[in-house]
Every structure is written in C-alpha cells, then in structure tokens.
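Student: Got a structure for you, questions after.
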Amino acid sequence: MTLATGIGSMPGDDADAFLQATRVVLERLPDLPHLVEVPGRGATAQMTGRALAVVSGLAADLQPAGWRLTGTGGGSGVDHRRARSLLAQDLDVLEEETDGYTGAFKIQVTGPWTLASTVEKPRGDKVLSDHGARLDLAQALAEGVRTHVRDVRRRLPGVDRLVVQVDEPGLASVLGGKVPTASGWGRHRTVHPPEASDALGWVLGAITDEGAEPWVHSCAPGTPLALLRGAGARGLAVDVAQLGAADHDVLAEALEAGESVVLGVVPSTDAAGASMPGEGQVVEAVTRWLDMLGLDPASIGGSLAVSPTCGLAGASERWSRRVLALLRASAAELT
2 MTLATGIGSM
12 PGDDADAFLQ
22 ATRVVLERLP
32 DLPHLVEVPG
42 RGATAQMTGR
52 ALAVVSGLAA
62 DLQPAGWRLT
72 GTGGGSGVDH
82 RRARSLLAQD
92 LDVLEEETDG
102 YTGAFKIQVT
112 GPWTLASTVE
122 KPRGDKVLSD
132 HGARLDLAQA
142 LAEGVRTHVR
152 DVRRRLPGVD
162 RLVVQVDEPG
172 LASVLGGKVP
182 TASGWGRHRT
192 VHPPEASDAL
202 GWVLGAITDE
212 GAEPWVHSCA
222 PGTPLALLRG
232 AGARGLAVDV
242 AQLGAADHDV
252 LAEALEAGES
262 VVLGVVPSTD
272 AAGASMPGEG
282 QVVEAVTRWL
292 DMLGLDPASI
302 GGSLAVSPTC
312 GLAGASERWS
322 RRVLALLRAS
332 AAELT
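Numbering (my numbering), first residue to last: 2 to 336.
This is how it looks when you write it as structure tokens:
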C-alpha cells in the first residue's frame, strides 16, 4: 500500500487557518495525516520557534536578529513562552479534531543541526560556533522530543503508529561549511560527519526509545542520506528533483530493508506559473523511478509514500488542497 502524506506546513496566518488546515489534512490524507504547522502566524509558529517550544531545560527569547538562548541563569522570554503556549493550543485543537481517530499519525520537529545554525548563543553568534553549546542543544532537543511524543500519545490514544519527522534542511550547509557567521563576512567551520551523526542520533534514538518511528526530511540538495540512515533514521523524506546519483542507491537500500521512503513528487507552491501535474503523471513518475531502481512496487509493501516536494506554507490555500487530493488519488492508483 502506497501512502500519501504531507511534509508539515500549510498556508494561513491565524488560529482559524490552523483549524481549517487540520481538517483538510485529516480528510485528504486519512492514511498518514500529520500535525499541521502554520508558520504564517509568526516566529513562534515557525520551525525554529516550534522546536524551541519542544526543547527541554533551555530558555530562549526572540531578538531582532532571531532566536537566542538566554543561558542557564536566564528565564524564557515572552515569545518563548508564547511558542510553548501556541504548541499546546494546537495540540488541544488536534486532540478535539481527532477524537476517535485510529491508525497512523505523523508529527514534525526541527533537527539539531538546523536548529544550531539558526539559534544564537547568549552572547551572540550561532550555537553552531560552539562545540559544547551545539551538543547541549541537541541533548536538550532529544529530551524534549521524548516528552513531546508522550504528550501526543496521551492526546491521540488510538494512534498505533506514530512517526516523528525530524526536519534537517540546514544539515548539508552545516557539513559543507556554508553557514554564515553573524558578521556575514565569514562561514562557520565544517562539522565533521561523525559528530553530525552522533547529535542527530541522540534525537532519533529518543524517538525510537519512545516507541515511535524516526524519519528525517530534507528538501535541500546534498543532504547525506547514508549518514541519516546510519544515525538511526528509519524513514527518508526527499524531493525527487534534488536527488544526486548516489541518493537513489541509498533510497533503494532503505526500501529493500523495509524502511520508509517519502518521495516529494508534486510542486509545493503555485508560484512562477507552476502547473499541477495530473494523477497519471505522478503515478508514471513514481513507477519509472521504481523501475530505474529495479524494484517491484508489489515488493515494497507500505514502505513507499508520496508527498509534496516540501512544505505547503508558501502555496495558496486552493493549491494546497489540490495537492493533497492529488497525492491521495495517486497513492490509491499506485496501490
């Protein structure tokens, strides 16, 4: 059975948009719906603020330059408290809308390396610049994810398969030494793969320990898929158009091992005159990809899913609804 799912974000800028998007996702992605993210509501709802709402034991505040940790002696700023409150409110809405729901469900959280490259230390510059600080942040995220998973399970008792998607769009830049310093004139030093794998592994391991399924998503080119699998990812969500030659082999190995692969096959925005593909085009693209890998669709069971190429926050409401309907129809045809 091929599944249809979303990456996470949806268009909108207020509480009603979150409610309506939640209902749309539950209706159009019934086999693997997800906790909706509506980043248009502001910094507290965007991926960094959302992750800091999950992080355990660290305080933060929002500065003109972005999110900043306040140190062990500092308290959370008002925006950090708002981020936590907003996440709790969203979960309240989700709990009400999913009353009686059974089956699989997915939640998302920003990964430790993308977080380290976007959050500042108490005295400035990115957490990424300090070896100890970035590991502390990764450990705090891992502990926070444990609590978050338990909370979601309590609110959605009928869920028998909980997927936690760790978003790491910044990982390739971290490994490639491409993250700019605060001045903008330099770049932070490259993080070596073993350290990157270890920190990511803490978060993925925490997910596994709580009985959930750890996936990693990145629509950025150059993301090392083999490193993600080695760190403990049991699902990989990718944009097909961004894959390199070696990536196809890694995805084939994952499918053959019974792990999940989510193919981003439908444009995530209707910008620049993008046209919506037809169901036949989506099915053909996936079928040809499997044929290129020498895989029989019948042999991979429920390991394959289709999704937008990335989040839908930048799309119009009409486009986002059409994308989800197309993905559901295409998944049914592939099945």
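We put the beta carbon where it would ideally sit given N, CA and C, even for glycine. The structure presented is a predicted model; accordingly, all values stated were derived computationally and were not measured.
I'd like to know if the region 14-34 and the region 62-82 are in contact, where contact means that at least 3 CB-CB pairs between them fall below 8 Å.
Tutor: no
Student: Taking Leu313 and Ser321 to be in contact with their CB atoms under 8 Å, please state how far apart those CB atoms are, rounded to whole angstroms.
Tutor: 4 Å
Student: Among residues of its own chain, excluding the 5 on either side of Pro225, which ones have a beta-carbon nearer than 8 Å to its beta-carbon?
Tutor: Leu172, Ala173, Leu176, Pro194
Student: Should His35 and Lys107 be called a contact, given that it needs their Cβ atoms to be closer than 8 Å?
Tutor: Contact flag set, yes.
Student: Assign Arg235 to one of three DSSP states: helix, strand, or coil.
Tutor: Coil at Arg235, not helix or strand.
Student: Measuring alpha carbon to alpha carbon, tell me which of Ser57, Thr288, Val165, Arg85 ends up nearest Gly206.
Tutor: Val165
Student: With DSSP run on the structure shown, which of helix, strand or coil describes Ala44?
Tutor: helix
Student: Going by C-alpha to C-alpha distance, which of Leu237, Gly9, Val307 sits closest to Ala333?
Tutor: The candidate whose alpha carbon is nearest that of Ala333 is Val307.
Student: From Pro158 to Arg151, what does the alpha carbon distance come to, in whole angstroms?
Tutor: 10 Å
Student: Between which two residues does the beta strand (DSSP E) carrying Ala37 extend?
Tutor: First, the amino acid is wrong: residue 37 is Val here, not Ala. Careful: Val37 lies outside any beta strand (DSSP E) and carries neither H nor E.
Student: Starting from the Cα of Gly43, find the closest Cα among Asp80, Val25, Ala22 and give me that residue.
Tutor: Asp80
Student: In chain order, what residues of the same chain lie with their CB nearer than 7 Å to the CB of Arg323, ignoring the 5 residues before and after it?
Tutor: Met277
Student: When you compare each of Asp126, Cys220, Val239 to Trp186 by their alpha carbons, which one comes out closest?
Tutor: Asp126
Student: Among the candidates Glu96, Leu325, Gly13, whose CA atom is the shortest distance from the CA of Gly315?
Tutor: The residue with the shortest Cα to Cα distance from Gly315 is Gly13.
Student: What are the partner residues of Trp68, as DSSP defines its beta bridges?
Tutor: Leu63
Student: Excluding the 5 residues flanking Leu138 on each side, which residues of the same chain have their C-beta closer than 8 Å to its C-beta?
Tutor: Val56, Leu59, Leu70, Pro113, Leu116, Ala117, Val120, Val128
Student: Among Pro40, Glu254, Thr182, whose alpha-carbon lies nearest the alpha-carbon of Asp15?
Tutor: If we check each option's Cα against that of Asp15, Pro40 comes out closest.
Student: In the structure shown, what three-state DSSP assignment does Thr111 receive?
Tutor: strand
Student: Where Arg235 and Arg319 are concerned, what is the direct C-alpha to C-alpha distance, given to the nearest angstrom?
Tutor: Roughly 33 Å between the two C-alpha positions.
Student: Just reading off the beta strand (DSSP E) that Ala306 is part of, what are its end residues?
Tutor: 305-309
Student: Kindly confirm or deny that the region 244-251 and the region 143-150 touch, where touching means at least three C-beta pairs closer than 8 Å.
Tutor: no
Student: Give me the Cα-Cα distance between Val251 and Gly76, rounded to the nearest whole angstrom.
Tutor: One C-alpha to the other measures close to 44 Å.
Student: Checking 8 Å against the spacing of the C-beta atoms, do Glu38 and Gly9 come in under that value?
Tutor: yes
Student: Report all residues from its chain with a CB closer than 7 Å to the CB of Asp240; omit the five preceding and five following residues, and keep chain order.
Tutor: So the list reads Cys220, Gly265, Thr310, Cys311, once near-sequence residues are dropped.
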